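**Q** If you're matching positions, the sequence shown starts at 64 in our numbering and goes up one per residue.
No residue lacks a Cβ here, since even glycine has one placed at the ideal position from N, Cα and C.
Source: prediction; values computed, not measured.
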Amino acid sequence: MNLDQEHELTHGTVEQRVVYESGNEMAAYAASQINYHIMGYFPISPSTEVAQFLDLMKANGQHDIKLIASDGEHSSAGICYGASTAGGRVFNATSANGYMYMLEQMPVQAGTRFPMVMNLVCRSVSGPLDIHGDHSDLYFALNTGWPILMCRDPQSVYDMNIIALKLAEDPEVRLPVLVASDGYFTSHQKRRVNTFANSEDVLKFVGERPPAGFPHTLDRNNPITVGPYMNEPDYINNKYQQSQAMYRAEAVFERIADEYAELTGRKYSMLDTYRMEDAEVAVFLMNSASEIIKDVVDDLRRQGIKAGSIAPNVIRPFPQRQIADALKQVKAVTIGDRADSYGAYGGNMSNEIKAALFTHGNHTTQVISRVYGLGGKEFYAEDGMHLFELAIEAAKQGRVEVPFDYYGHTPGNPDAAPARVLNPLKFEDLKTGLITVTKNEETGKLGVRIPPLRALTKKPKRIAPGHGACPGCGIFSGLELFFKGIEGDIVALFHTGCAMVVTTGYPYSSHKATYIHNLFQNGAATLSGVVEMFWERKRRGELDELGLKDDFTFVMVTGDGGMDIGMGPAIGAALRNHRMIIVEYDNEGYMNTGAQLSYSTPLGHRTSTSNIGTVQKGKVFHHKDTPQIMAATNIPYVFTGSEAYPQDLVKKAAKAQWYAQNEGLVYGKILIACPLNWITKDDQGTEIVDAAVNSCFFPLYEVEHGQTTITYNPEDKDKRVPLTDWLKTMGKTRHLLKPENEAALHEFEREVDRRWQILLTKHEHPLL
Numbered sequence: 064m065n066l067d068q069e070h071e072l073t074h075g076t077v078e079q080r081v082v083y084e085s086g087n088e089m090a091a092y093a094a095s096q097i098n099y100h101i102m103g104y105f106p107i108s109p110s111t112e113v114a115q116f117l118d119l120m121k122a123n124g125q126h127d128i129k130l131i132a133s134d135g136e137h138s139s140a141g142i143c144y145g146a147s148t149a150g151g152r153v154f155n156a157t158s159a160n161g162y163m164y165m166l167e168q169m170p171v172q173a174g175t176r177f178p179m180v181m182n183l184v185c186r187s188v189s190g191p192l193d194i195h196g197d198h199s200d201l202y203f204a205l206n207t208g209w210p211i212l213m214c215r216d217p218q219s220v221y222d223m224n225i226i227a228l229k230l231a232e233d234p235e236v237r238l239p240v241l242v243a244s245d246g247y248f249t250s251h252q253k254r255r256v257n258t259f260a261n262s263e264d265v266l267k268f269v270g271e272r273p274p275a276g277f278p279h280t281l282d283r284n285n286p287i288t289v290g291p292y293m294n295e296p297d298y299i300n301n302k303y304q305q306s307q308a309m310y311r312a313e314a315v316f317e318r319i320a321d322e323y324a325e326l327t328g329r330k331y332s333m334l335d336t337y338r339m340e341d342a343e344v345a346v347f348l349m350n351s352a353s354e355i356i357k358d359v360v361d362d363l364r365r366q367g368i369k370a371g372s373i374a375p376n377v378i379r380p381f382p383q384r385q386i387a388d389a390l391k392q393v394k395a396v397t398i399g400d401r402a403d404s405y406g407a408y409g410g411n412m413s414n415e416i417k418a419a420l421f422t423h424g425n426h427t428t429q430v431i432s433r434v435y436g437l438g439g440k441e442f443y444a445e446d447g448m449h450l451f452e453l454a455i456e457a458a459k460q461g462r463v464e465v466p467f468d469y470y471g472h473t474p475g476n477p478d479a480a481p482a483r484v485l486n487p488l489k490f491e492d493l494k495t496g497l498i499t500v501t502k503n504e505e506t507g508k509l510g511v512r513i514p515p516l517r518a519l520t521k522k523p524k525r526i527a528p529g530h531g532a533c534p535g536c537g538i539f540s541g542l543e544l545f546f547k548g549i550e551g552d553i554v555a556l557f558h559t560g561c562a563m564v565v566t567t568g569y570p571y572s573s574h575k576a577t578y579i580h581n582l583f584q585n586g587a588a589t590l591s592g593v594v595e596m597f598w599e600r601k602r603r604g605e606l607d608e609l610g611l612k613d614d615f616t617f618v619m620v621t622g623d624g625g626m627d628i629g630m631g632p633a634i635g636a637a638l639r640n641h642r643m644i645i646v647e648y649d650n651e652g653y654m655n656t657g658a659q660l661s662y663s664t665p666l667g668h669r670t671s672t673s674n675i676g677t678v679q680k681g682k683v684f685h686h687k688d689t690p691q692i693m694a695a696t697n698i699p700y701v702f703t704g705s706e707a708y709p710q711d712l713v714k715k716a717a718k719a720q721w722y723a724q725n726e727g728l729v730y731g732k733i734l735i736a737c738p739l740n741w742i743t744k745d746d747q748g749t750e751i752v753d754a755a756v757n758s759c760f761f762p763l764y765e766v767e768h769g770q771t772t773i774t775y776n777p778e779d780k781d782k783r784v785p786l787t788d789w790l791k792t793m794g795k796t797r798h799l800l801k802p803e804n805e806a807a808l809h810e811f812e813r814e815v816d817r818r819w820q821i822l823l824t825k826h827e828h829p830l831l
């Protein structure tokens, strides 16, 4: 069997060791051996683990990388860009819509020629939302000006991450480099990997610091201007120089790859070929699928069919010459794209390979284009056989019957359309009349009367049972209690997060009312558009025929970090004062992506990106006081609530509805339990959030037209408990009770008491 360019040929000259790890682990391990200066990051599946592994190593002193948890991917890209201008080494990892959110920063970094390395753990781009692997995010990277290295397995993830830095910092290139691997196929599946045994050998290969002579913003003797405004002809000259650097990256990559092969015995060429020496039919695939197709090649060879396969290790710069040369004797090739270039009659690779063949004078090889494997759809050997059968048929016929199509999809069947299981909620059931809200004309504040809560039990739930939340999850008990105070019809928008993911899995939905989902960061802007369209269409009389008995109440549900990445649009909506409610369930982390720290995670609390170790003891900065931030926007009403105090929460919901229908935007935060990631028992959620309230960590109050009122004061009722009474109920915080963490505990206690004293002062002084 001809292995052509497999990447394990010799043992190399450097000491190595064998590990059994995943692609994400190997990206993190390579970064730790390089010991980058800065990583700015934001969690998104499936790349999140890279930061998690690095944080775990950091907690135990295994590297010195400064890990900066940003408030969103756009911010993380800015952190990385700023750090790269300051002359150090910079690292990042992202996926899918996270990459899309930072996309406008990518050409800036390339166009100003500041090196860094970023791992793109490839995943489907929304919408609809899908968290599994394809190349739809990768194809957006093609025109950003970053060289792109491809990784088919954890071994190549490790190797390419080391090669990438040396490539990025080469004076002939000086560009940021993207390292692409397949989400879940490569990122989470463990394989045997050979690594440098000693970090010193890695640093010797890449060089211990960026090359001398690179301008940076910390050189006081050589002040520079980064990113100036540029007119023609300077702009086109800049782009020409950048383009030349990209093309030079091909020869530089091959030189670096040769050096790496000598050290490790693993050789990476621009293009890997498998049994192509006399191939008459071939298949082109990228990354993880390109390994599977080799078994199909071997099967066909045993049948006497001259089959081969090709796969790129680099797609920017595109290996045009190498591909044309590999296919010059091939009668037909099937090109598999794991993403579509909509309207272009083929995915990006299909059209670029066609251009390569045409450019190099090959007008005879038949080309079949197929889009496959979208949304993480598995690729098996039988799928590879189908792609070869297309090429074999085209080679026989001398023509291609269907040049472009999808493979693996199921044609739609109108008879199988999802049927409505639940009828729309009746307005009469939702408008009980048992809750009354009246405005005091003298004080301007609202008075609320609610019945005993048992009288509201007949009110239909807004979310049907059968969702997939974890046992003991406090989201839905908290939300349903809040919704008990809302009368009539609602339109709800849910940010991406646990509440969204577990209630909508096509073709099923747990939502009884109209539901909208948009990107994590943009829910408030989206719902504000819905709100304004409602009022404008109502003004024009276009909704009369719908028989609305009352105005909708528009509610945005956010959580799991949605008020970090979505903070800007939320503040924008608040300043515009749209008539809507933003209600945040606060579970103190990004729980839907694996319990990473959020800005609402308190000081010292353990998450998967604020680990406990010998040199790190949990989150290192205080939690964000979102209600106070939103109150500073001068919206009519802000509140906090807890299911442990149901009457208080229902009253605040009723107030929230009145203000949202009559005056403007409302923000509320509800503390909810997350047993899985708080490391607690499933049935203790109410008691735990009650302790949070009585310890004054999560005070219950409202800000009505700028005036603060504490609605439950544990001190007045002689129920205040030490903060430690709350901390000891959760596995994520028990370490704070140990003597060695006394300083962090006291700092946390001081901050909780400081915020509580400020609230007391505001409560007593209306002008504050």
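Report buried or exposed for residue 137, applying the criterion of at least 16 other Cβ atoms within 10 angstroms of its Cβ.
**A** Reading the sequence shown from its first residue, position 74 is the one you call residue 137. By the 10 Å Cβ count, residue 137 comes out buried.
**Q** If I'm right that residue 156 touches residue 114 with Cβ under 8 angstroms, what's the distance once you round it to whole angstroms?
**A** Position 93 of the sequence shown, counted from the first residue, corresponds to residue 156. Position 51 of the sequence shown, counted from the first residue, corresponds to residue 114. That pair is a contact at about 7 angstroms.
**Q** Take residue 79 and list the residues in its own chain whose beta-carbon comes closer than 8 angstroms to its own, dropping the five residues that flank it on each side.
**A** Your numbering for residue 79 matches position 16 in the sequence shown. So the qualifying residues of the chain are 257, 258, 259, 260 and 327.
**Q** Whole angstroms is fine: what's the gap from residue 361's alpha carbon to residue 383's?
**A** Position 298 of the sequence shown, counted from the first residue, corresponds to residue 361. Position 320 of the sequence shown, counted from the first residue, corresponds to residue 383. So the two alpha carbons sit approximately 26 angstroms from each other.
**Q** Give the secondary structure of residue 584 by DSSP, where H, G and I count as helix, E and B as strand, and everything else as coil.
**A** As a position in the sequence shown, residue 584 is number 521, starting the count at 1. Residue 584: coil per DSSP, three-state reduction.
**Q** Buried or exposed: which applies to residue 321, given that a residue is buried once 16 or more other Cβ atoms fall within 10 Å of its Cβ?
**A** Stepping through the sequence shown from its first residue, residue 321 is reached at position 258. By the neighbour-count rule (16 or more Cβ atoms within 10 Å), residue 321 is not buried but exposed.
**Q** To the nearest whole angstrom, what separates the beta carbons of residue 769 and residue 731, a pair I think is in contact under 8 angstroms?
**A** Within the sequence shown, residue 769 is the residue found at index 706, counting from 1. Within the sequence shown, residue 731 is the residue found at index 668, counting from 1. Going by Cβ atoms, the distance from residue 769 to residue 731 rounds to 16 angstroms, so no, they are not a contact pair.
**Q** By how many angstroms is the C-alpha of residue 373 removed from the C-alpha of residue 739?
**A** Counted from its first residue, the sequence shown places residue 739 at position 676. Counted from its first residue, the sequence shown places residue 373 at position 310. If I take the Cα positions, the gap works out to 45 angstroms.
**Q** Apart from the five residues just before and just after residue 812, which ones in its own chain have a Cβ nearer than 6 angstroms to its Cβ?
**A** Mapped onto the sequence shown, residue 812 falls at position 749. Closer than 6 angstroms at Cβ, skipping near neighbours: 786.
**Q** Which one or two residues does DSSP pair with residue 182 in a beta bridge?
**A** The residue you call residue 182 lines up with position 119 of the sequence shown. Looking at the DSSP assignment, residue 182 forms a beta bridge with 156 and 242.
**Q** Could you tell me how far apart the beta carbons of residue 208 and residue 166 are, in whole angstroms, since I believe they sit closer than 8 angstroms?
**A** Locating residue 208 in the sequence shown gives position 145, counting from the first residue. Locating residue 166 in the sequence shown gives position 103, counting from the first residue. About 12 angstroms separates the two Cβ atoms, so there is no contact after all.
**Q** Based on the DSSP output, what are the partners of residue 337 in its beta bridges?
**A** Counting from 1 along the sequence shown, the entry for residue 337 is found at position 274. Residue 337 is bridged to 372.
**Q** Which word fits residue 306, buried or exposed, when buried means at least 16 other C-beta atoms lie within 10 angstroms of its C-beta?
**A** Along the sequence shown, one-based indexing puts residue 306 at 243. Answer is exposed; the Cβ neighbour count stays below 16.
**Q** Classify residue 831 as buried or exposed, calling it buried when 16 or more other Cβ atoms lie within 10 Å of its own Cβ.
**A** Here the question's residue 831 lines up with position 768 in the sequence shown. Exposed, because fewer than 16 other Cβ atoms sit within 10 Å of the Cβ of residue 831.
**Q** Going straight from the alpha carbon of residue 663 to that of residue 653, what length do you get?
**A** Your numbering for residue 663 matches position 600 in the sequence shown. Your numbering for residue 653 matches position 590 in the sequence shown. So the alpha carbons of these two residues sit roughly 9 angstroms apart.
**Q** Out of 316, 634 and 721, point me to the one whose CA is closest to residue 211's CA.
**A** Position 148 of the sequence shown, counted from the first residue, corresponds to residue 211. When each option's Cα is compared against that of residue 211, the closest is 316.
**Q** Can you give the Cα-Cα distance for residue 669 and residue 557, rounded to whole angstroms?
**A** Translated into the one-based positions of the sequence shown, residue 669 becomes position 606. Translated into the one-based positions of the sequence shown, residue 557 becomes position 494. Between residue 669 and residue 557, the C-alpha separation is close to 27 angstroms.
**Q** For the candidate residues 180, 761 and 821, whose alpha-carbon lies nearest to that of residue 736?
**A** For the purposes of this step, residue 736 is identified with residue 673 of the sequence shown, where counting begins at 1. The candidate whose alpha carbon is nearest that of residue 736 is 761.
**Q** Alpha carbons only, please: which of 201, 782 and 800 is nearest the one belonging to residue 755?
**A** Here residue 755 refers to the residue found at position 692 when the sequence shown is read from its first residue. When only C-alpha atoms are compared, the closest one is 782.
**Q** Whole-angstrom Cβ separation of residue 150 and residue 279, contact assumed at under 8 angstroms?
**A** On the sequence shown, position 87 is the one that residue 150 refers to. On the sequence shown, position 216 is the one that residue 279 refers to. Right, the Cβ-Cβ distance comes to about 3 angstroms (below 8 angstroms), so this counts as a contact.
**Q** Tell me which residues share the same chain as residue 351 and place their Cβ nearer than 6 angstroms to its Cβ, disregarding the 5 neighbours each side in the sequence.
**A** Reading the sequence shown from its first residue, position 288 is the one you call residue 351. Counting only Cβ-Cβ distances below 6 angstroms, and skipping sequence neighbours, we find 215, 245, 248 and 249.
**Q** Rounded to the nearest angstrom, what separates residue 162 and residue 463 at their Cα positions?
**A** Position 99 of the sequence shown, counting from 1, holds the residue named residue 162. Position 400 of the sequence shown, counting from 1, holds the residue named residue 463. Straight-line Cα distance between these residues: approximately 36 angstroms.
**Q** How many angstroms separate the CA atom of residue 532 from the CA atom of residue 564?
**A** For this step, residue 532 is matched to residue 469 along the sequence shown. For this step, residue 564 is matched to residue 501 along the sequence shown. About 9 angstroms.
**Q** Can we say the region 693-710 touches the region 497-506, given the rule of at least three CB pairs closer than 8 angstroms?
**A** Short answer: they don't touch.
**Q** Closest by CA to residue 201, which one among 708, 227 and 403?
**A** On the sequence shown, residue 201 is found 138 positions in, with the first residue counted as 1. The candidate whose alpha carbon is nearest that of residue 201 is 403.
**Q** Would you mind working out which of 627, 716 and 601 sits nearest residue 644, comparing C-alpha positions?
**A** Here residue 644 is taken as the residue at index 581 of the sequence shown, counted from 1. Considering only alpha carbons, the answer is 716.
**Q** Around the C-beta of residue 465, are 16 or more other C-beta atoms found within 10 angstroms, so that it is buried, or is it exposed?
**A** For the purposes of this step, residue 465 is taken as residue 402 along the sequence shown, with counting starting at 1. Classification of residue 465: exposed, given that the 10 Å Cβ count is below 16.
**Q** Helix or strand or just coil, what does DSSP make of residue 828?
**A** Counting from one through the sequence shown, the residue named residue 828 turns up at place 765. Coil.
**Q** Residue 575 and residue 488: beta carbons closer than 8 angstroms?
**A** Walking along the sequence shown from the start, residue 575 turns up at place 512. Walking along the sequence shown from the start, residue 488 turns up at place 425. Going by C-beta atoms, residue 575 is nearer than 8 angstroms to residue 488.
**Q** So, at 6 angstroms on beta carbons, what are the nonlocal neighbours of residue 379 in its own chain, with the 5 sequence-adjacent residues on each side left out?
**A** Working through the sequence shown from its first residue, we reach residue 379 at position 316. Once the five neighbours on either side are set aside, the close Cβ partners of residue 379 are 210 and 211.
**Q** Use the C-beta contact count for residue 206: other C-beta atoms within 10 angstroms, 16 or more gives buried, fewer gives exposed.
**A** Indexing the sequence shown from 1 puts residue 206 at position 143. Result: exposed.
**Q** Kindly indicate which residue of 285, 430, 335 and 708 has the alpha-carbon position closest to the one of residue 408.
**A** Mapped onto the sequence shown, residue 408 falls at position 345. Cα-wise, what sits closest to residue 408 is 430.
**Q** So residue 432 is in the beta strand (DSSP E); what residue range does that whole segment cover?
**A** What you label residue 432 is simply residue 369 of the sequence shown in a count that begins at 1. Where residue 432 is concerned, the enclosing beta strand (DSSP E) stretches over 429-434.
**Q** Any idea which residues DSSP pairs residue 214 with across the strands?
**A** Here residue 214 is taken as the residue at index 151 of the sequence shown, counted from 1. Its beta-bridge partners are 244.
**Q** Do the region 333-340 and the region 386-405 meet, that is, are 3 or more Cβ pairs less than 8 angstroms apart?
**A** Yes, the region 333-340 is in contact with the region 386-405.
**Q** Among 144, 189, 363 and 292, which one has its Cα closest to the Cα of residue 179?
**A** Along the sequence shown, read from residue 1 onward, the residue named residue 179 stands at position 116. Of the listed residues, the one whose Cα sits closest to residue 179 is 144.
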